[in-house]
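Numbering (the working numbering), first residue to last: 159 to 1022.
C-beta: ideal position from N, C-alpha, C; glycine also.
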C-alpha cells in the first residue's frame, strides 16, 4: 500500500495524531515569546581588537546597562536653578527607593556636584567651619548686643544725655563688665549723632572682648546687622580664607547649616559655580541628562531576552512622570522597549495576510472551502513555527524579535504556496477527467514529492543562517519551522482533502480542460515568445543583470539598526536631542588603550600619544593622560591608568559613529601600533572585516547546498545552474533598487544585513518555484519536444506559480509596514524581488534558458 493510499485510508488517525501534536505544542506556543529579545547587538570575536580594548576599558569604566533621562530647558525656567535641582534630586531619590531590579544608581550633574561638594569637606573641615561660625556669632553678640540694646532704649528717651545711665540700666548694664563700663564711659565723652557716638564708643572699647574673631567681627558688623545669618556666614568664610581654609560664602553656609552640605548647597544655590568638567559631561545646549545605571553589563539578557534597561523602562518612565515636569527616556533598553511596543501594533498586518490568502486561494482554486482550509493549515504551520522558536530558545536562551516576524512571514508564504501547489494539482487532475482516487494519488505523490524537495531546499538553505555569528537562532528556527510545514502539508492536508473529494471545489471551477485551453493561456504565449527569442532575452537580462550585480557588490550599507526609527518614539527623539546638543559621538566615544609594558618612558609616550590624537582628523576632544578637551595639560595621569598596565584615552569625534568618516578616522588610529582601539566604531570595523569573510563563505555554501539538492533531485547540473543564475539576478536587481528607495525615498541607510538575508531567503524561496516549474516541464518532456514541453509546462504552472509569487510577495512584504528600518527594508526588498522573480525570471528567463541548455536528442522526447 502506497503512502498516498495509507493517508487516504487512515485519514481519521492522521487527524487524531495532529490533534495530539497540537495539544503537546500548547506550552511551547504560550512560552516562545519569553525567549524573544529586542536587542540588536551583534557578536564579535573575542580575539578582535575592539573586544580586547573594550574588555580592558570595562575594568575601569563599567559599561553597564544604562538608561538616559533627558530634560529640556523648555520645561524648566533654568536648568541651573535650585528648583530644578530639587526636582532632579527628588527623582533620583525616588529611583533609589523604588524596587527597580538590577538598579545600581543614578548620576546627574546635580548629584555629581553634590558629591563633589561633600568630598571637599571632611569631618575636621566641617568642625573647623562650624567652630569659626560659632565663635564669630558669639563674638558678634558680645561686641554688638549691649550697644544695640542700649541704642534702642536710648532712642526711647530721645537720645538725651541725661538718660544715658537709664538706657544702660534698661539694657542690662553690668558695671563690672569692663567692655560695657568702657562703652558707657566713652558715650559720655563723645559728641555727634547718636549712632556716631555709639559707633565711636564701640571702636574705643571693643578690644576688651578678647577672642580670635574680635577684629574681623568689629570690621564686618554694626549694631544693625550683627545677628544677620548671611553676614555671619560671609564673615566666617572671610576669616577661614585668611587662615588658610579657602572656601566661598555659599560653601560655608552649606557646611554650617546642614550635615549634608552638598544637598543644602544644591537646594539653595542650584548649580552656582559648578565646575566646567561636570557641565560638559551632563549638560549641553538646552538639555541635561541623567544616567540610570544597572548592575549588569550592557547588552546582557536578563529575562526572556530582555536587558535590564528594557525591563526597567516603564518603571523609570512612571517615576519621571511623577517627579519631573517633562522628561524623555532613551538608551538601548528604552529603544528596544518602545520598538517592541511599536512592532506589536503592526501585528494586525498578519491578520490582513490571512484575508488576502483566502481571497487569493478562492480566485486561484475557485473554492471557498479551500479558502477556509488554508486558514487552518497556515494557522497550524504558524503554531509549528512558534514551537520552532521555542526549541531554538531552549538551545540558545534567546531568539531575536526579527526572527519572529521573518519566520511568521516566511511560514505564511510557504505554507500557502505548498497548499496551492498540491490542491491545484488535485483540481487539475479532476478537470482532466481522472477519478478522485487517481487525482488524489497524482496530486499527493507528484506534487507532494515536489513540495518535499522544495521544502528541504528551503529548509537547509535557511539553516545557513546558523553560520552567521549572532544569527544561530535564525537558522534553527527556520529549519525546524519549514520541515514541520513539509510534514504538515504532506500528511494533514491530504487527509483533509480526502474528506472533501470533488466537493472541495465549486462546480464553476470544475469544467473539463480542453486540448487548446493551455495554448490560449497568456503564460503559454509569453513562454513561446521567450523561446523564439531566447538569445535576445538572455542577452537583455544578462546586460541588466550585470549592472544589478555591480550594485549588489558596491552599495554602501550601515551597521546602525536604529536608522529609520520614527522620531515619534520618545526614546528616538531623546537620542536625537543628545546627538544634536552633545555631538554624534557623545554616547559612543572611541577608547584608545596604550599598553604601558611596551613603553620605555611612559610619560613621554603618553604625551606623544595625546598630541597624535589631537592632530587626528575628525577628533573634537580627548580626555586622558596629558589631555583635557582640546588642550595638552599636566594632569593626574594615574586616574587614567588601568591595573597599572594600561592607559586609556577617551576620544570624541565630530562624526556619527556609524559613518564612513568615523570608520576612516578609527581605522587610522588602529593603524598606529601605539593603540588598542575600542568603542562602537572599532567594533563595527571588526564586524565588517569578519562579515566580509563569513558572508562570502555563506553565499558559496548556500549556492552549493541548493545546487546539490536540485541537481540530485533532477539528475542534471543544468537545472540548478538555470535556477541559481536567475535568482541571483533577482537579488542583485533588488539590492540596487532598494538602495535608491531607502536612500532617496525613506531617507534611511541600507542596513548591512539586508543584502545577505535577502540572498539567503530569496535563494531558498526562489528555488522553491524552480522545483514546481521543472517538475511540470519534465512531465511534459516525456511526451513532447523540448520547446513545446517548456511552453506547456509554463502554461500549466504559470497561473499557479504567479499566484504563489503574489501570495509570497504580500506575506513577506507585510514586514514593510512594521516601523523598524530593518524589517521595513526587508519587506520592501521581498516585494521587489518576488515581483521580478515571478514575472520576469520565471515566465521569461526560465523558458529561454531551458530552451538553450536542453535540446531534443532524438524523437522519443525523453528528458536527457
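Contacting residues, own chain, Cβ-Cβ under 8 Å from residue i (five flanking each side not counted)
i, result
"residue 670", "589, 590, 591"
"residue 937", "604, 951"
"residue 768", "780, 782, 783, 784, 785, 790, 807"
Three-state secondary structure (DSSP) of residue i
i, result
"residue 441", "strand"
"residue 531", "helix"
"residue 1021", "Bear in mind that a pLDDT of 43 at residue 1021, under 50, signals an unreliable position, so the number given afterwards is only what the model happens to contain. Coil, per DSSP."
"residue 159", "Only weak support is given to the placement of residue 159: the predicted model assigns it a pLDDT of 49, under 50, and the question is left unresolved by the model."
"residue 713", "coil"
"residue 480", "helix"
"residue 487", "strand"
"residue 725", "coil"
"residue 745", "coil"
"residue 202", "coil"
"residue 405", "coil"
"residue 753", "strand"
"residue 474", "helix"
"residue 522", "helix"
"residue 277", "helix"
"residue 325", "helix"
"residue 420", "helix"
"residue 178", "helix"
"residue 634", "helix"
"residue 219", "coil"
"residue 258", "coil"
"residue 708", "helix"
Test item: CB-CB of residue i and residue j under 9 Å
i, j, result
"residue 482", "residue 239", "no"
"residue 985", "residue 976", "yes"
"residue 561", "residue 636", "yes"
"residue 805", "residue 752", "yes"
"residue 209", "residue 844", "yes"
"residue 536", "residue 565", "no"
"residue 344", "residue 358", "yes"
"residue 738", "residue 443", "yes"
"residue 907", "residue 900", "yes"
"residue 581", "residue 662", "yes"
"residue 485", "residue 371", "no"
"residue 930", "residue 959", "yes"
"residue 593", "residue 979", "no"
"residue 403", "residue 283", "yes"
Nearest neighbour of residue i, chosen from the options [CA to CA]
i, options, result
"residue 436", "787, 689, 902", "787"
"residue 799", "218, 178, 968, 890", "218"
"residue 1010", "790, 859, 794, 690", "690"
"residue 246", "261, 421, 388", "421"
"residue 706", "888, 829, 301", "888"
"residue 644", "688, 556, 572", "572"
"residue 182", "223, 367, 548, 522", "548"
"residue 659", "611, 528, 639, 533", "528"
"residue 953", "311, 687, 778", "687"
"residue 966", "704, 595, 890, 567", "567"
"residue 249", "260, 265, 259", "265"
"residue 1000", "880, 583, 551", "880"
"residue 1055", "810, 337, 315, 704", "The structure shown does not extend to residue 1055, since the chain is modelled only from 159 through 1022, so no value can be given for it."
Sequence-distant residues of the same chain with beta carbon closer than 6 Å to residue i, five excluded per side
i, result
"residue 933", "608"
"residue 892", "987, 990, 991"
"residue 495", "468, 471"
"residue 519", "528, 529, 532"
"residue 910", "715, 717"
"residue 224", "449, 451, 489"
"residue 597", "584, 587, 588"
Whole-Å CB distance - residue i paired with residue j, under 8 Å assumed
i, j, result
"residue 574", "residue 651", "That belief does not hold up - the Cβ atoms of residue 574 and residue 651 are roughly 11 Å apart, past 8 Å."
"residue 554", "residue 498", "So it is not a contact: roughly 19 Å between Cβ atoms."
"residue 522", "residue 961", "4 Å"
"residue 825", "residue 774", "With a Cβ gap of about 11 Å, residue 825 and residue 774 do not count as contacting."
"residue 619", "residue 860", "5 Å"
Contacts around residue i, its chain only, beta-carbon distance under 7 Å, and the 5 residues preceding and following it disregarded
i, result
"residue 172", "165, 649, 650, 653"
"residue 814", "742, 820"
"residue 381", "302, 305, 306, 309, 356"
"residue 159", "Unreliable positioning characterises residue 159 in this predicted model, as indicated by a pLDDT of 49, which lies under 50. A coordinate reading is not provided."
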